[in-house]
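Please read the structure below before turning to the comments.
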Amino acid sequence: MHCPPSPARATRLPLPVFAVVAAAIALAGCTAFFNGPNAPVARRAAALLPTDALIIGEQHDAPEHHAIERETVEALASKGKLAALLLEMAEEGHSTARLDTAATDAQAQAALGWNDKAWPWDSYGPVVMAAVRAGVPVIGANLPRARMKNAMTDVSLDVQLNGEAYTAQQDAVREGHCKLLPEPQIVPMTRIQVGRDRAMAQAIVKARQPGKTVLLISGAGHATKVLGVPQHLPTDVSVKAVRLQAGESPEENENNKGAYDAVWRTPPLPPKDYCAGMRTG
């Protein structure tokens, strides 16, 4: 794709000056096209490679985020660079690896043990099927619900993050539950969060292939490099984390500095009180 020519009025400048200005305009335009916030998803993803793992942290109810995820799958798969698509939305032990590329949506849902009530297939089906059509396995990466009860009492999970990060993770759990969770439940729920991050990290390690990238789609809290899944990966596994941000970013604080390698912005969503259901529940 060619960058647009300089405005015609610029030709009034002396020729040497015009040449410099035109080159600068063209360079700025090309830079924005290739690397800016409006650059094609394929180019933005390519800028993060090579890496063993790419984690995309979404806002679950943002349609634009699901579209970006599908485009990322298609971009990596078309280059033969996608080792596997891992999902927070499906539990460990489930996979489409045995499905044919012509498998139906229903077959993919069955293979993944899909919970449509928790994760609407209308939102996630397109990204799953893009991988299936490309012959790339889709793998459940989340800690199975049956193991969450054990995680709540597993004291070993208390030391998987350093003290400062573990405290920050507890604060994130409080915020994530709208500060309505009884204080005695903070530690058990934090253990579940850490257990889920560790399960997803282990899934990345199992799916890793030389020269390819494992793509994990999760909520933004799991993608953060300072608290989430990257904290639990071996040091020999390279990882890049992207946050998909609907609207303006929240105010920067000490806990999210350096949390992501890139933030890809999408249009803001209508205002919504996510805590309303918890207050009345």
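Numbering (this note's numbering), first residue to last: 1 to 281.
Glycine included, each C-beta is placed from N, C-alpha and C at the ideal position.
Computed from a prediction, not measured in an experiment: that's the story for all the values here.
**Study point:** Contact between the region 224 to 236 and the region 199 to 213 (3+ Cβ pairs under 8 Å)
**Key:** At 8 Å Cβ cutoff, the stretches touch.
Review point. Using the rule of at least 16 other Cβ atoms within 10 Å of the residue's Cβ for burial, across every protein chain shown, is residue 155 buried or exposed?
Key: Along the sequence shown, one-based indexing puts residue 155 at 155. Answer is exposed; the Cβ neighbour count stays below 16.
Point to revise | Cα-Cα separation, residue 234 to residue 77 | key: Stepping through the sequence shown from its first residue, residue 234 is reached at position 234. Stepping through the sequence shown from its first residue, residue 77 is reached at position 77. One C-alpha to the other measures close to 25 Å.
Exercise for review: Label residue 196 either buried or exposed according to how many other C-beta atoms from any shown protein chain fall within 10 Å of its C-beta, with 16 as the threshold for buried.
Suggested key: Residue numbering aside, residue 196 sits at position 196 when the sequence shown is read from its first letter. Burial state of residue 196 is buried, judged by a 10 Å Cβ sphere holding 16 or more other Cβ atoms.
Review point. Given that a residue counts as buried once 16 or more other Cβ atoms are within 10 Å of its Cβ, and exposed if not, what is residue 259?
Key: In the sequence shown, residue 259 corresponds to position 259, counting from 1. Residue 259 comes out buried.
Review point. Along the chain, where does the beta strand (DSSP E) that runs through residue 266 open and close?
Key: As a working mapping, residue 266 is identified with position 266 in the sequence shown. Residues 262 to 266.
Exercise for review: Tell me residue 162's beta-bridge partners as DSSP assigns them.
Suggested key: Stepping through the sequence shown from its first residue, residue 162 is reached at position 162. The partner list for residue 162 (beta bridge, DSSP) is empty, contrary to what the question assumes.
Check your understanding: When DSSP builds the beta bridges, which residues end up paired with residue 284?
Key -> Given that the chain is displayed from residue 1 to residue 281, the structure contains no residue 284 and the question cannot be resolved.
Review point. By a C-beta neighbour count over all protein chains shown, 10 Å radius and 16 as the cutoff for buried, is residue 143 buried or exposed?
Key: Numbered from 1 along the sequence shown, position 143 holds the residue referred to as residue 143. With 16 or more other Cβ atoms within 10 Å, it is buried.
Exercise for review: Taking residue 187 as part of the alpha helix (DSSP H), name the residues at either end of that continuous run.
Suggested key: The count along the sequence shown starts at 1 and reaches residue 187 at position 187. For residue 187, the enclosing alpha helix (DSSP H) stretches over residues 186 to 207.
Check your understanding: If you draw a straight line from the C-alpha of residue 166 to the C-alpha of residue 48, how long is it?
Key -> The sequence position of residue 166 within the sequence shown is 166, counting from 1. The sequence position of residue 48 within the sequence shown is 48, counting from 1. The straight-line gap separating the alpha-carbon atoms of residue 166 and residue 48 is approximately 28 Å.
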